[in-house]
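Visitor: In the numbering used here, the protein residues as written are 2 to 458.
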């Protein structure tokens, strides 16, 4: 028996469900285009939506999968799911159990829902022009390799993923998903915060990616924009804030790479010999390594970036791997916190070049295990020896002929949708950390103010 009311009008009918267990019947009797409204309560999951309709909750009704299979399966176009709690999927990775799974469901809209204790949050296949906004997605309490992905989109062009909070999943995966926009999301405590493969024309902006093994990894894709994101505390054993593999046609601008094992890693990007990548107005601060470039990486142009107190500012996985990239553009180089030069004419550009040529960094290239001693008195003694005895001085790893004297102006840090309280205080905590450095070493007020606020004085 189903307690439901079909209200006929000039527009689509509206079905109001209030009895647990009757949701599938409500869907079955609805006509294409109807609105199914759920009152507060718990409804049995394992439902299938096979026609265009809108499923909307009032007062956060719960659709409970009872630990079996996927909670909601969508096999129709133009379906909207809004305002419900989707809970307790099965935990079979081989069956890809999910809160919402869909196939052949273009223009699906998943908006303002809460996913709780689900293996995959949502798995969309052939869902062109999907809209995924303002959802809270929490995974199962499993070892990370046993978890499913918070969001997985496959063979689906034109999706918009915006304002979601994804926590404790495995990855958020976008494969064969051209023209996708991923904006203002907060992804934390997973493996790959965002993972793109074979997804051309993606725009990734305003996201906060923190405490993942890898913040974001872009692979085998072209014409990408990565702008105004925060990559923070992504410190897996092979962890990066942002990783690039065989990417062509990339712009990286306005991002903050803070406290990662490696801020930026690039391998064979760009892969095409006729392309240059521009990396502009980014901050690399307090990472073990600010930027790490593979031995064959070339034609990357760094300009207007700020490298602030990284253990190693820039490195390569082989000697000479930085020489085929450019470290200034049209007379504008980068800010380096360890630049010891001067600006006699006060034009904001150092009067001598900045070089990374210290002996200890050169030794790290050959013996990575000694990176543990970076910043210690022993490392400082090695570098002092190389400056005292020119015969010990290595060839420069890179030369910035136009180093900036001051931190360049930066856009405001993004505040992603679904952001938790510790992210809200991130700019403040970073400012306090910098303030502590001021007390210890002095002379860094401009750095602290501009990294946190993006402003200039």
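Each residue gets a CB set at the ideal place from its N, CA and C atoms; glycine is no exception.
These numbers were taken from a predicted model, which means no experiment stands behind them.
Quick one, are the C-beta atoms of residue 187 and residue 166 less than 7 Å apart?
Guide: Taking the first residue of the chain shown as position 1, residue 187 is located at position 186. Taking the first residue of the chain shown as position 1, residue 166 is located at position 165. The answer is yes: Cβ separation under 7 Å.
Visitor: State buried or exposed for residue 370, treating a residue as buried only when at least 16 other CB atoms are found within 10 Å of its CB.
Guide: What you label residue 370 is simply residue 369 of the chain shown in a count that begins at 1. Answer is exposed; the Cβ neighbour count stays below 16.
Visitor: If you measure between the beta carbons of residue 329 and residue 403, is that distance less than 7 Å?
Guide: One-based indexing of the chain shown puts residue 329 at position 328. One-based indexing of the chain shown puts residue 403 at position 402. Contact: yes.
Visitor: Hey, quick one: how far does the beta strand (DSSP E) through residue 26 stretch, first residue to last?
Guide: As a working mapping, residue 26 is identified with position 25 in the chain shown. Note, residue 26: premise wrong, no beta strand (DSSP E); alpha helix (DSSP H) at 24–30.
Visitor: State the CB to CB distance for the pair residue 106 and residue 80, rounded to an integer number of angstroms; the pair is presumed to be in contact (CB under 8 Å).
Guide: For the purposes of this step, residue 106 is taken as the residue at position 105 of the chain shown. For the purposes of this step, residue 80 is taken as the residue at position 79 of the chain shown. Contact flag correct, Cβ pair sits at about 6 Å.
Visitor: Can you grab the Cα-Cα spacing for the pair residue 119 / residue 98, in whole Å?
Guide: Within the chain shown, residue 119 is the residue found at index 118, counting from 1. Within the chain shown, residue 98 is the residue found at index 97, counting from 1. About 8 Å.
Visitor: Hey, out of 299, 265 and 158, whose CA is closest to residue 273's CA?
Guide: In the chain shown, the residue the question calls residue 273 occupies position 272. If we check each option's Cα against that of residue 273, 299 comes out closest.
Visitor: Excluding the five sequence neighbours on either side, which residues of its own chain have a C-beta within less than 6 Å of the C-beta of residue 422, listed in chain order?
Guide: Numbered from 1 along the chain shown, position 421 holds the residue referred to as residue 422. Any reading at residue 422 needs caution, since the residue's pLDDT is 37, under 50, leaving its predicted position unreliable; the model's value is listed next. So the list is empty, once near-sequence residues are dropped.
Visitor: Please classify residue 102 as buried or exposed, where buried requires at least 16 other C-beta atoms within 10 Å of its C-beta.
Guide: Mapped onto the chain shown, residue 102 falls at position 101. By the 10 Å Cβ count, residue 102 comes out buried.
Visitor: Quick one: Cα of residue 245 to Cα of residue 30, how far?
Guide: Here the question's residue 245 lines up with position 244 in the chain shown. Here the question's residue 30 lines up with position 29 in the chain shown. Near 49 Å, if we compare the C-alpha coordinates of residue 30 and residue 245.
Visitor: What is the rounded straight-line gap between the Cα of residue 27 and the Cα of residue 151?
Guide: Translated into positions along the chain shown, residue 27 becomes position 26. Translated into positions along the chain shown, residue 151 becomes position 150. Cα to Cα, residue 27 sits roughly 28 Å from residue 151.
Visitor: Return the residue from the list 53, 39 and 25 that minimises the CA-CA distance to residue 32.
Guide: Mapped onto the chain shown, residue 32 falls at position 31. Out of 53, 39 and 25, 53 has the C-alpha closest to the C-alpha of residue 32.
Visitor: Candidates 25, 262 and 62: which alpha carbon is nearest residue 215's?
Guide: Translated into positions along the chain shown, residue 215 becomes position 214. Closest option to residue 215, Cα to Cα, is 262.
Visitor: So what does DSSP say about residue 34, is it helix, strand or coil?
Guide: The residue you call residue 34 lines up with position 33 of the chain shown. Here residue 34 sits in coil by DSSP.
Visitor: For residue 108, tell me which candidate among 51, 160 and 294 has the shortest Cα-Cα distance.
Guide: The count along the chain shown starts at 1 and reaches residue 108 at position 107. The shortest C-alpha separation from residue 108 is found at 160.
Visitor: If you check the beta carbons only, do residue 137 and residue 171 fall under 7 Å apart?
Guide: Sequence index remark: in the chain shown, residue 137 carries index 136 (1-based). Sequence index remark: in the chain shown, residue 171 carries index 170 (1-based). Contact flag unset, no.
Visitor: Grab me the residues of residue 397's own chain with a C-beta within less than 6 Å of its C-beta, minus the 5 sequence neighbours each way, in chain order.
Guide: As a position in the chain shown, residue 397 is number 396, starting the count at 1. The residues are 356 and 358.
Visitor: Excluding the five sequence neighbours on either side, which residues of its own chain have a C-beta within less than 6 Å of the C-beta of residue 206, listed in chain order?
Guide: One-based indexing of the chain shown puts residue 206 at position 205. Once the five neighbours on either side are set aside, the close Cβ partners of residue 206 are 184, 228 and 229.
Visitor: I think residue 36 touches residue 55, with their Cβ atoms under 8 Å apart; what is that distance to the nearest whole Å?
Guide: Residue numbering aside, residue 36 sits at position 35 when the chain shown is read from its first letter. Residue numbering aside, residue 55 sits at position 54 when the chain shown is read from its first letter. About 5 Å separates the two Cβ atoms, so the contact holds.
Visitor: Is residue 401 buried or exposed, if buried means 16 or more other CB atoms sit within 10 Å of its CB?
Guide: Within the chain shown, numbered from 1, the residue matching residue 401 stands at position 400. Looking at its Cβ environment, which holds 16 or more other Cβ atoms inside 10 Å, residue 401 is buried.
Visitor: Whole alpha helix (DSSP H) runs in the region 367–404 with 4 or more residues, listed along the chain?
Guide: 378–389
Visitor: What is the DSSP secondary structure of residue 145, reduced to helix, strand or coil?
Guide: Mapped onto the chain shown, residue 145 falls at position 144. Three-state DSSP puts residue 145 in a helix.
Visitor: Using the three-state DSSP reduction, which class does residue 96 fall into: helix, strand or coil?
Guide: What you label residue 96 is simply residue 95 of the chain shown in a count that begins at 1. Helix.
Visitor: Please report the straight-line C-alpha distance between residue 318 and residue 163, rounded to a whole angstrom.
Guide: In the chain shown, counting from the first residue as 1, residue 318 sits at position 317. In the chain shown, counting from the first residue as 1, residue 163 sits at position 162. Distance between the alpha carbons of residue 318 and residue 163 is about 36 Å.
Visitor: Taking the runs of the beta strand (DSSP E) that are 3 residues or longer, which of them lie wholly in the region 275–345?
Guide: 278–281, 284–286, 290–294, 301–304, 307–309 and 313–317
Visitor: Got a sec, what are the start and stop residues for the beta strand (DSSP E) residue 177 sits in?
Guide: Translated into the one-based positions of the chain shown, residue 177 becomes position 176. Segment: none, residue 177 is in no beta strand (DSSP E) and carries neither H nor E.
Visitor: Which term fits residue 336, buried or exposed, when burial requires 16 or more other beta carbons within 10 angstroms of its beta carbon?
Guide: Taking the first residue of the chain shown as 1, we reach residue 336 at position 335. Residue 336 should be labelled buried.
Visitor: For residue 332, count the other beta carbons within 10 Å of its own beta carbon; 16 or more makes it buried, fewer makes it exposed. Which is it?
Guide: As a working mapping, residue 332 is identified with position 331 in the chain shown. So residue 332 counts as exposed.
Visitor: Since residue 140 contacts residue 169 with CB under 8 Å, what's their CB separation in whole angstroms?
Guide: Here the question's residue 140 lines up with position 139 in the chain shown. Here the question's residue 169 lines up with position 168 in the chain shown. Residue 140 to residue 169, Cβ: 4 Å. Contact.
Visitor: Using the DSSP secondary-structure output, state which residues sit across from residue 101 in a beta bridge.
Guide: Residue 101 sits at position 100 when you count from the first residue of the chain shown. In the DSSP output, where bridge partners are listed per residue, residue 101 has 73 and 123.
Visitor: By the DSSP assignment, the beta strand (DSSP E) with residue 250 in it spans what residues?
Guide: Reading the chain shown from its first residue, position 249 is the one you call residue 250. That run of the beta strand (DSSP E) goes 249–254.
Visitor: So the beta strand (DSSP E) residue 44 belongs to, where does it begin and stop?
Guide: Locating residue 44 in the chain shown gives position 43, where the first residue counts as 1. 43–45 is the span of the beta strand (DSSP E), which, as asked, contains residue 44.
Visitor: In this structure, how does DSSP classify residue 54 when only helix, strand and coil are distinguished?
Guide: Within the chain shown, numbered from 1, the residue matching residue 54 stands at position 53. In the structure shown, residue 54 sits in coil (DSSP, three-state: anything other than H, G, I, E or B).
Visitor: Alpha carbon to alpha carbon, how far is residue 258 from residue 280? Give it in angstroms, no decimals.
Guide: Sequence index remark: in the chain shown, residue 280 carries index 279 (1-based). Sequence index remark: in the chain shown, residue 258 carries index 257 (1-based). Using only the alpha carbons, I get a separation of about 13 Å.
Visitor: Under a three-way DSSP split, which group does residue 211 fall into?
Guide: For the purposes of this step, residue 211 is taken as the residue at position 210 of the chain shown. If DSSP states are grouped into helix, strand and coil, residue 211 belongs with the strands.
Visitor: Tell me the DSSP secondary structure of residue 229 in three-state form.
Guide: What you label residue 229 is simply residue 228 of the chain shown in a count that begins at 1. Correct three-state label for residue 229: coil.
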